[in-house]
Amino acid sequence: MSDQTAPKVNLLGLTKPQMEDFFESIGEKRFRGGQVMQWIHHFGVTDFTGMTNVGKALRAKLEARAEIRPPEVVSEDISADGTRKWVVRVASGSCVETVYIPQNGRGTLCVSSQAGCALDCSFCSTGKQGFNSDLTSAEIIGQVWIANQSFGSVPAKIDRAITNVVMMGMGEPLLNFDNVVPAMQIMMEDLGYGISKRKVTLSTSGVVPMIDKLAEHVDVSLALSLHAPNDELRNQLVPLNKKYPLDVLLDTCKRYVARLGEKRVLTIEYTLLKGVNDQPEHAEQMIALLKDVPCKINLIPFNPFPHSGYERPSNNAIRRFQDKLHHAGFSVTVRTTRGEDIDAACGQLVGQVMDKTRRSERYIAVRQLDEDAAANRN
Ligand code: SAH
Ligand code: SF4
Numbered sequence: 053m054s055d056q057t058a059p060k061v062n063l064l065g066l067t068k069p070q071m072e073d074f075f076e077s078i079g080e081k082r083f084r085g086g087q088v089m090q091w092i093h094h095f096g097v098t099d100f101t102g103m104t105n106v107g108k109a110l111r112a113k114l115e116a117r118a119e120i121r122p123p124e125v126v127s128e129d130i131s132a133d134g135t136r137k138w139v140v141r142v143a144s145g146s147c148v149e150t151v152y153i154p155q156n157g158r159g160t161l162c163v164s165s166q167a168g169c170a171l172d173c174s175f176c177s178t179g180k181q182g183f184n185s186d187l188t189s190a191e192i193i194g195q196v197w198i199a200n201q202s203f204g205s206v207p208a209k210i211d212r213a214i215t216n217v218v219m220m221g222m223g224e225p226l227l228n229f230d231n232v233v234p235a236m237q238i239m240m241e242d243l244g245y246g247i248s249k250r251k252v253t254l255s256t257s258g259v260v261p262m263i264d265k266l267a268e269h270v271d272v273s274l275a276l277s278l279h280a281p282n283d284e285l286r287n288q289l290v291p292l293n294k295k296y297p298l299d300v301l302l303d304t305c306k307r308y309v310a311r312l313g314e315k316r317v318l319t320i321e322y323t324l325l326k327g328v329n330d331q332p333e334h335a336e337q338m339i340a341l342l343k344d345v346p347c348k349i350n351l352i353p354f355n356p357f358p359h360s361g362y363e364r365p366s367n368n369a370i371r372r373f374q375d376k377l378h379h380a381g382f383s384v385t386v387r388t389t390r391g392e393d394i395d396a397a398c399g400q401l402v403g404q405v406m407d408k409t410r411r412s413e414r415y416i417a418v419r420q421l422d423e424d425a426a427a428n429r430n
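Okay, here's the thing in structure tokens:
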């Protein structure tokens, strides 16, 4: 097959070493990789003709073999509180969501890794959508590229709008390891977005073998979606717990943060569900469970979505839960709900997933039954 018919390489998703290898593979000097990377990520250029320090002949060569193609932006919404949400369409045809949250001088971008999610946690609307596809590394870093462009923060070094990235959008990042890792590397590379390793956080529901593998590749911060302080309850809320129960999971997370050194700690995410996991005994079990785990705890009051079957606890109940953990010596924050007016809060990210698992059909069918039953009552 001639080069002319080979699919074009999307340079957006390549790390610096991958970019240098690409240039070498087309008979060019490796340093060209860094130059082009800077055009893409610092200056937001998607057209080779705009790359003024790249000669005409090389530009023509690049046009024939490569492209810089971010995912298509379907919509951009700005909330009254400054939160922004983008819906982007990925190659599989599904749409995923990216959310930007400005707070206390920081700007955190919440990035999606998959269209939908196969893990089906009982309180998560992404899970209810079923699974469609893994995002490519270009589609993952493309979300950062799009957000950066929308702030006009070009060159990126000056007055950055995005200071932190959390892999907490749609999907389970550790089940799309091969695309998530390079995308996070680009976030941290100087010729990418230059974000410090402490400020890039991967959140997982607990894919144990991949946590060990992650440690071999990057040293980003780790967040664990705990949600329950014992196996019985966690099996119900996070079905993956049946495969990787709490003792193995916490040991693996401890090993991960120990390797990071520098007093870095695990973030524990705990979505509070009224009457389910928010009782004093749950706080007590949590204190015992986490006593040897270097961690900080982030409580997430449940964000409702239609027919979830769960409710958010009252503010008093949330405060009592927080106080109990706090008195036991833990650092505990409660995540404030942001961007509710544009459906950008945690767990409300739905996108439009072309579900392969048919789970969303079942969910919609159950919803319809509920709605019919309610209509009949009225
Ligand atoms: N799959 C990964 C990352 C995406 S979810 C994970 O599970 O960690 C990001 C966080 O939002 C997780 O802690 C998740 O449990 C939480 N979450 C999901 N649905 C929620 C809801 N309806 N209300 C509040 N938090 C929710
Ligand atoms: Fe998937 Fe995370 Fe939602 Fe669970 S909470 S279904 S792992 S996205």
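So the sequence shown is numbered by our numbering: it starts at 53 and just counts up by one.
Using N, Cα and C, we set each Cβ at its ideal position, and we do this for glycine too.
For the stretch 161 to 174 and the stretch 100 to 117, state whether three or more C-beta atom pairs, one from each stretch, are separated by less than 8 Å. no
Smallest Cα separation from R212: which of T135, A280, L187 and I247? I247
Any heavy atom of the ligand SF4 closer than 7 Å to the Cβ of T178? yes
So is K180 buried or exposed if we call it buried at 16+ other beta carbons inside 10 Å? With 16 or more Cβ atoms within 10 Å of its Cβ, K180 is classed as buried.
On the DSSP bridge assignment, give the partners of V386 in chain order. L351
From L342 to P356, what distance separates their C-alpha atoms? 27 Å
Can you list, in chain order, the residues of its chain whose CB lies under 8 Å from that of T135, leaving out five sequence neighbours each side? V151, Y152, I153, P154, R390, G391, I394 and A396
Residue burial classification, A122 (beta-carbon count within 10 angstroms, cutoff 16): Looking at the sequence shown, residue 122 is not Ala but Pro. Buried is the call here.
In angstroms, rounded to a whole number, what distance separates the CA positions of K108 and E76? Near 18 Å, if we compare the C-alpha coordinates of E76 and K108.
Considering only their Cβ atoms, is the gap separating S202 from A235 smaller than 8 Å? no
When every heavy atom of the ligand SAH is checked, does at least one fall within less than 7 Å of the C-beta of E321? Because some heavy atom of the ligand SAH lies under 7 Å away, the Cβ of E321 counts as near it: yes.
DSSP state of Q181, grouped into three classes? coil
Taking only the alpha-carbon atoms, compute the straight-line gap between T57 and I78 and give it to the nearest angstrom. Going from the Cα of T57 to the Cα of I78 covers about 15 Å.
G221 and E149: beta carbons closer than 8 Å? yes
Considering only the alpha carbon of each residue, which of F354, N368 and E336 lies closest to A380? E336
For a test of your reading of the model: does the CB of S255 fall under 7 Å from any non-hydrogen atom of the ligand SAH? Yes or no. yes
Taking just the CA atoms, how far does T67 sit from H94? 14 Å
Tell whether a beta-carbon distance below 8 Å holds between D223 and T178. Before going on, a small fix: residue 223 reads as Gly here, not Asp. In contact: G223 and T178 (Cβ atoms closer than 8 Å).
Please find out if some non-hydrogen atom of the ligand SF4 comes closer than 7 Å to the beta-carbon of I146. Note that residue 146 is Ser in the sequence shown, not Ile. In this structure, the ligand SF4 has no non-hydrogen atom nearer than 7 Å to the beta-carbon of S146.
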